[in-house]
Amino acid sequence: MDSRCLQHARNREASTKPYNGSQSFPNARHSMSEPTTCIPAVNASPASAPPSGARTIWNHCAANCGGRCALRFDIEADRVTRVGSCAAETPDGTPLPQACVRGRRMLAWAESPLRLKWPLKRTGPRGSGLYERITWDEAIDIASSKLRDAIDRFGNDAVFIAYGTNANCTTARPFNRLMNCLGGYLSRYNDYSCAQATWAAKYCFGMKPDDGSSFEQAFSADLVIAFGANPTVANDGGANIGAQWRRLAKQEGTRIIVIDPRKTESIMNNVEWLPITPGTDAALVAAIAWELIQKNAVDLDFLHAYCVGFDEATMPEAFRGKHMSYHDYVTGEGYDRIAKTPEWAEGICGIAASDIRSLAHSIADARRLHVLSGWGPQRRSNGEWSAWAAMALPCLVGHVGLEGTSNGLYPWHHRVLSSSLPAGRNPVAASIPVFETIHAIEHGEEMTSENSGVRGARRLEHGIKYLINYAGNSLTNQHSDVRHSHEVLADESKCEFILGIDTVMCDSLKYADVIFPDLLRIEQQSQTSGGADWGHIVTGQPVPTHRDEQKSAYEMARLMAASLGVEQEFTLGRTEGDWIRALYDETREQQPELGLPEFEEAQRVGIVSVWRGPHVALKAFRESPDEHPLATASGKIELFSEAILRDTAGWELREGDTLACLSTLAPIPAYIPEWADAGIPNAEMPLRLTGFHDRARIHSSWGFDEKLKSMFPQVVWMNANDAAKCGIADGNRVLVRNHQGEVCLPAKLTSDIVEGTVAISQGAWYDAQHIGGREVDFGGCINTLTVYRPSPLAKGNPQHTNICRITKLKAK
Numbered sequence: 001m002d003s004r005c006l007q008h009a010r011n012r013e014a015s016t017k018p019y020n021g022s023q024s025f026p027n028a029r030h031s032m033s034e035p036t037t038c039i040p041a042v043n044a045s046p047a048s049a050p051p052s053g054a055r056t057i058w059n060h061c062a063a064n065c066g067g068r069c070a071l072r073f074d075i076e077a078d079r080v081t082r083v084g085s086c087a088a089e090t091p092d093g094t095p096l097p098q099a100c101v102r103g104r105r106m107l108a109w110a111e112s113p114l115r116l117k118w119p120l121k122r123t124g125p126r127g128s129g130l131y132e133r134i135t136w137d138e139a140i141d142i143a144s145s146k147l148r149d150a151i152d153r154f155g156n157d158a159v160f161i162a163y164g165t166n167a168n169c170t171t172a173r174p175f176n177r178l179m180n181c182l183g184g185y186l187s188r189y190n191d192y193s194c195a196q197a198t199w200a201a202k203y204c205f206g207m208k209p210d211d212g213s214s215f216e217q218a219f220s221a222d223l224v225i226a227f228g229a230n231p232t233v234a235n236d237g238g239a240n241i242g243a244q245w246r247r248l249a250k251q252e253g254t255r256i257i258v259i260d261p262r263k264t265e266s267i268m269n270n271v272e273w274l275p276i277t278p279g280t281d282a283a284l285v286a287a288i289a290w291e292l293i294q295k296n297a298v299d300l301d302f303l304h305a306y307c308v309g310f311d312e313a314t315m316p317e318a319f320r321g322k323h324m325s326y327h328d329y330v331t332g333e334g335y336d337r338i339a340k341t342p343e344w345a346e347g348i349c350g351i352a353a354s355d356i357r358s359l360a361h362s363i364a365d366a367r368r369l370h371v372l373s374g375w376g377p378q379r380r381s382n383g384e385w386s387a388w389a390a391m392a393l394p395c396l397v398g399h400v401g402l403e404g405t406s407n408g409l410y411p412w413h414h415r416v417l418s419s420s421l422p423a424g425r426n427p428v429a430a431s432i433p434v435f436e437t438i439h440a441i442e443h444g445e446e447m448t449s450e451n452s453g454v455r456g457a458r459r460l461e462h463g464i465k466y467l468i469n470y471a472g473n474s475l476t477n478q479h480s481d482v483r484h485s486h487e488v489l490a491d492e493s494k495c496e497f498i499l500g501i502d503t504v505m506c507d508s509l510k511y512a513d514v515i516f517p518d519l520l521r522i523e524q525q526s527q528t529s530g531g532a533d534w535g536h537i538v539t540g541q542p543v544p545t546h547r548d549e550q551k552s553a554y555e556m557a558r559l560m561a562a563s564l565g566v567e568q569e570f571t572l573g574r575t576e577g578d579w580i581r582a583l584y585d586e587t588r589e590q591q592p593e594l595g596l597p598e599f600e601e602a603q604r605v606g607i608v609s610v611w612r613g614p615h616v617a618l619k620a621f622r623e624s625p626d627e628h629p630l631a632t633a634s635g636k637i638e639l640f641s642e643a644i645l646r647d648t649a650g651w652e653l654r655e656g657d658t659l660a661c662l663s664t665l666a667p668i669p670a671y672i673p674e675w676a677d678a679g680i681p682n683a684e685m686p687l688r689l690t691g692f693h694d695r696a697r698i699h700s701s702w703g704f705d706e707k708l709k710s711m712f713p714q715v716v717w718m719n720a721n722d723a724a725k726c727g728i729a730d731g732n733r734v735l736v737r738n739h740q741g742e743v744c745l746p747a748k749l750t751s752d753i754v755e756g757t758v759a760i761s762q763g764a765w766y767d768a769q770h771i772g773g774r775e776v777d778f779g780g781c782i783n784t785l786t787v788y789r790p791s792p793l794a795k796g797n798p799q800h801t802n803i804c805r806i807t808k809l810k811a812k
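Numbering (UniProt numbering), first residue to last: 1 to 812.
Printed below as a string of structure tokens:
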């Protein structure tokens, strides 16, 4: 087994196979281009001139990172000669959306041998990747007739649009509009990014998970604490938070502490790393709270005026005298009756009690405390409570609603928000958590509001029978337990028809019955918005690339609408270009404070930059809580949530979903140990496994790009002390395995990850081969190893809660 795995890995690295129309798609290579300098923002200097005889076309990246950065294409004789971006900033210091290394690989994506060139119909079993070429007329007819049949036999609630990035732009979701013209579809809520934080923010603040202060506020703080945030990778790009973080890391007088199991790329310059065992953030916050209480350093005036549930005096009337406050949980007077001392937390978090006390004292002494969270810590089985704890921390000392502070949430939502293609009203009331998609295919008729978070209906009447997968790889590659997803999707009696729309043949697309080949955003007229405190709108024109039979998603949906008799309702007589102009004009009208130029001027300059900060989260509430109450049940910040107990009454819970002393979900930001069978190491599976973002990909986008893979190899991070116990050296090929599957990839030995934990970056493309009767993934996809079980409250994806074992491959 080991020798065959090693040989396959070597063969895989040594060669790629050309696409022959019925087998697997190879990976792409393209030379890197150097960044160019141009400043096409409004009120900035003119753009630099292209080379003699060339013209410049502006378009944009469309990945799901929040940047949506500008791309500059120099064109000569209808051929792209250079791909670059704009300058990092204007002469007066205005940040501009300069693209990262991934964005500048967009032409390589367009010219990849993996490109889908024409419509395809499946000829082999689902997942085989075996297809034959068909015409557009055939493709539209099959997809439309199958859709009509599903609606006629099962109803509109049997149709589902899978989660995907949908090529972020103003006209990115035409299939939602199409379905609403036809009577609606089973909708979804949550996402794969921040489901648990979404629910925690709702119950704590009545806010969204990215409703933190603008990041510029951190420059006015003397202490910044970041839970699991790595903005220089997750939010890279010139006008994104990553650029602001780099500036902050160099600022004298601001202490920055990142709490993370890994020493990430954002831990640079003056930034300090506080290593922590993954999944234990709420235990750390509880121990800090204990120390603050003991030192009389909590801000009782703030807590009593603005919060519910800190202590007995702020508890809802019905719960007083029951020792259910956060204070009583921390001091050991309630719940499990354990005092949450730094010594208690040390054995859980792996942080010395003395360091916890020192951190608590620094928090108490801070002039301005700025707390923010990335979304990695909440992507766990206890993620709702970890996220909630980070929100509670600044409240304990009253550092919210003031200049320089934040509220424990992520800050990137202050970018320009452009109007987007209206989907219309969905007549189908039912919706499901997006992470339950595979469950809804497998046994949808068993899903209820109590066991699966069904909304708008007591239960589903049937499973998903017709699925539209547009620009998405979350059916398999980005979803937990890839092998289980394969088993469900391969069964054609469950989901009877899958329509796939994409630019390349990713793993999820191999389950489609018919495939529509999509255009990249750079290949068509497009407009997007992005950024952070400095937001921007990029208006793009089509870049000349080699074209076969690809169409835009809007045109595909229009053709289906025509086939199904609803073309006029779908288009309203507008082309996609008409919609882009109309949506831009709507943005100008609805947000006059932005001062956006006329559409023609936006087209001419390419990039329009707009200052969106500074913003202080909860400022209005802090200044006048009666006039600006929060959207929580009490109108205040909730450290005890009666609404959670009410909303989840009657829910079916599983072992490990809550505190052992409770039969309900915890109504406070308590530390809840991770699931014993998936998150707690044991003799068989002695290591925790967590995931992270890296520079090679945004999710699985660019997962096929050989240049990026060579620059940022897919490896498993492993502490050198753990590796020594297994006889593993740096660079050794290893097998990472658990009850879900096996992955083969090189080990990266480092002291930059806590002992007992290993990490694999998410998004690598699944590439399973049968070796010695076992299925081994040589692509390094972490979801080969992740558990498919939704989190207790949000029903979100806990894909960082895993355990595994690692063994060295030995040649025989």
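Built from N, CA and C at the ideal position, the CB exists for glycine as well.
Assuming residue i and residue j are in contact, meaning their beta carbons sit under 8 Å apart, how far apart are those beta carbons, in whole angstroms?
i           : j    : result
I782        : I760 : 4 Å
S431        : L186 : 7 Å
A195        : N797 : 6 Å
Y511        : I498 : 6 Å
W702        : R82  : Not confirmed; about 20 Å, so no contact.
P209        : A226 : Not confirmed; about 15 Å, so no contact.
residue 817 : I698 : Past the edges of the chain, shown from 1 to 812, lies residue 817, and the structure says nothing about it.
L793        : W199 : 5 Å
Q525        : G540 : 7 Å
S609        : T56  : The pair is not a contact, with the Cβ atoms about 18 Å apart (cut-off 8 Å).
Just to confirm the assignment, what range does the beta strand (DSSP E) spanning residue i have?
i           : result
A226        : 223-227
L417        : No beta strand (DSSP E) holds L417; DSSP gives it neither H nor E.
D502        : 497-502
residue 819 : Because the chain here runs from 1 to 812, residue 819 falls outside it and cannot be looked at.
A759        : 757-761
E742        : 742-750
Y470        : 466-470
D777        : 774-777
I771        : 768-771
F160        : 159-161
Identify the residues that DSSP records as bridge partners of residue i: which are they?
i           : result
residue 822 : Any question about residue 822 goes unanswered here, given that the chain covers just 1 to 812.
S406        : BP columns for S406 are empty, so no partner.
P275        : D260
residue 820 : This structure cannot settle anything about residue 820, because the visible part of the chain is limited to 1 through 812.
W765        : DSSP, once it has assigned bridges, lists no residue as partnering W765.
Which residues bound the alpha helix (DSSP H) around residue i?
i    : result
K725 : 720-726
T198 : 195-205
A794 : Segment: none, A794 is in no alpha helix (DSSP H) and carries neither H nor E.
P433 : Here P433 belongs to no alpha helix (DSSP H); instead the beta strand (DSSP E) covers 431-433.
Q568 : 567-571
G577 : 576-590
From the beta carbon of residue i, is the nearest beta carbon of chain E less than 8 Å away?
i    : result
L186 : In summary, chain E is missing from the structure at hand, where a single protein chain is found.
Uninterrupted beta strand (DSSP E) stretches inside the region 64-149 (no shorter than 3 residues): DSSP runs (the beta strand (DSSP E)) wholly in the region 64-149: 70-76, 79-84, 120-122, 131-133.
Please determine if the region 528-546 and the region 153-164 are in contact, where contact requires at least 3 C-beta pairs separated by less than 8 Å. Short answer: they don't touch.
Within the region 594-648, ranges of the beta strand (DSSP E) (whole runs, at least 3 residues): Note on the region 594-648: whole beta strand (DSSP E) runs with a minimum of 3 residues are 607-611, in chain order.
Would you call the region 394-407 in contact with the region 286-305, where contact means no fewer than 3 C-beta pairs closer than 8 Å? With the cut-off at 8 Å, the region 394-407 and the region 286-305 touch.
Three or more C-beta pairs under 8 Å: does that hold for the region 435-454 against the region 463-476? Judged by Cβ distances under 8 Å, the region 435-454 makes contact with the region 463-476, as three or more pairs qualify.
With three or more beta-carbon pairs closer than 8 Å as the criterion, would you say the region 191-205 touches the region 377-390? With the rule of 3 Cβ pairs closer than 8 Å, the region 191-205 counts as touching the region 377-390.
Taking 8 Å as the threshold, find out whether the region 227-234 comes into contact with the region 261-280 through three or more Cβ pairs. Yes, since at least three Cβ pairs between the region 227-234 and the region 261-280 fall closer than 8 Å, the two stretches touch.
Complete runs of the beta strand (DSSP E) confined to the region 651-715 [at least 3 residues]: Whole beta strand (DSSP E) segments, 3+ residues: 687-692.
Across the region 625-634 and the region 558-566, are there enough close Cβ pairs to call them in contact, namely three or more that are closer than 8 Å? No contact exists between the region 625-634 and the region 558-566.
Would you say the region 763-782 touches the region 699-719, given that touching needs at least three Cβ pairs under 8 Å? With the cut-off at 8 Å, the region 763-782 and the region 699-719 touch.
Does the region 663-678 come into contact with the region 247-255, if we say contact requires no fewer than three beta-carbon pairs (one atom in each stretch) closer than 8 Å? Verdict: no, contact absent.
Is it a yes or a no for the region 121-136 touching the region 447-463, going by three-plus beta-carbon pairs under 8 Å? No, because fewer than three Cβ pairs between the region 121-136 and the region 447-463 fall closer than 8 Å, the two stretches do not touch.
Looking at C-beta atoms only, is the number of pairs between the region 627-646 and the region 213-224 that lie closer than 8 Å three or more? Flag = no, the region 627-646 and the region 213-224 do not touch.
Within 8 Å, do at least three Cβ pairs link the region 574-584 to the region 143-151? No, they do not touch.
Would you call the region 285-292 and the region 340-356 touching, i.e. three or more CB-CB distances under 8 Å? Because the criterion of three Cβ pairs below 8 Å is met, the region 285-292 and the region 340-356 touch.
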